[in-house]
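Comments concern the structure below.
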Amino acid sequence: MSGRNTGSWLHIARTFGMIAILSSLAVAAGRVAADDAPKPWVAPDDARKVKNPVPPSPDNLAAAAQLYQDNCLLCHGEKGLGDGPGAKTIKVKPANFTDAKLMSQETDGSLFWKMSQGRGPMPSWKDDLTDTERWQLVNYIRKLGKDAAK
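For what it's worth, the working numbering labels the leading residue of the sequence shown as 155, then goes sequentially.
Now the structure itself:
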């Protein structure tokens with residue numbers, strides 16, 4: 155082979171090598187992006203079975219409305235649509251409490267558990283809110299869904 159042919163083959167080999175490396179990086183990036191996709195957030199069965207001990211009385215709902223304003227509105231929005239001002243800044247969209255299909259899959263116990271545990275941008279509230287306050291919020295979240303259905 156002449157020097158000129160060797161140079162051409164070397165150029166072609168380098169080009170294909172770069173294509174192979176870029177293709178591998180694209181595939182790896184796709185896998186990472188898929189891994190970043192939110193996985194279903196399901197409460198354990200024992201938590202799902204827990205019944206709300208706090209009745210949705212006017213006093214409890216009024217207390218929960220204030221708790222919601224102070225702690226939940228930023229992400230979940232005024233009416234529970236998941237459209238609060240903070241929702242725009244986080245990768246995982248906050249739950250829409252007015253989504254009848256979503257909320258029919260959640261028991262009071264699972265809502266309480268999720269509120270207590272937190273995940274990702276959703277903080278754990280077990281150290282900041284009492285059990286009673288979190289149960290009051292479960293009642294308020296249910297009220298938001300009923301209000302939206304009217």
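The beta-carbon is built from N, C-alpha and C at its ideal position, and this holds for glycine as well. Remember, predicted model here, so these are calculated numbers, not experimental data.
Below 7 Å CB to CB, which residues in the same chain sit around threonine 243 once its five sequence neighbours on both sides are set aside?
-> Counting from 1 along the sequence shown, the entry for residue 243 is found at position 89. For threonine 243, where only same-chain residues beyond five positions count, there are no Cβ hits under 7 Å.
Starting from the C-beta of glycine 236, find all residues in its chain whose C-beta is less than 7 Å away, skip the five residues before and the five after it, and write them out in chain order.
-> Translated into the one-based positions of the sequence shown, residue 236 becomes position 82. So the qualifying residues of the chain are His230, Lys247, Pro248, Ala249, Asn250.
Roughly how many whole angstroms lie between the Cα atoms of proline 192 and alanine 241?
-> In the sequence shown, residue 192 corresponds to position 38, counting from 1. In the sequence shown, residue 241 corresponds to position 87, counting from 1. C-alpha separation (whole angstroms): 15 Å.
Look at the Cβ atom of valine 196, then the Cβ atom of serine 264, and state whether they are nearer than 9 Å.
-> Position 42 of the sequence shown, counted from the start, is the residue given in the question as residue 196. Position 110 of the sequence shown, counted from the start, is the residue given in the question as residue 264. Taking 9 Å as the Cβ cut-off, valine 196 and serine 264 qualify as a contacting pair.
Can you give me the Cβ contacts of aspartate 282 inside the same chain, cut-off strictly under 8 Å, excluding the 5 residues immediately before and after it?
-> The count along the sequence shown starts at 1 and reaches residue 282 at position 128. Counting only Cβ-Cβ distances below 8 Å, and skipping sequence neighbours, we find Asn225.
Out of Lys300, Pro209, Asp199, Val204, which has the shortest C-alpha to C-alpha gap to lysine 255?
-> Mapped onto the sequence shown, residue 255 falls at position 101. Cα-wise, what sits closest to lysine 255 is Lys300.
Inspect the beta-carbon positions of glutamine 343 and leucine 227 and report whether they are closer than 9 Å.
-> No answer is possible for residue 343: it lies beyond the span of the chain, which begins at 155 and ends at 304.
Considering only residues of the stretch 243-297, which uninterrupted beta strand (DSSP E) runs meet the minimum length of 3 residues and lie entirely inside it, listed in chain order?
-> none
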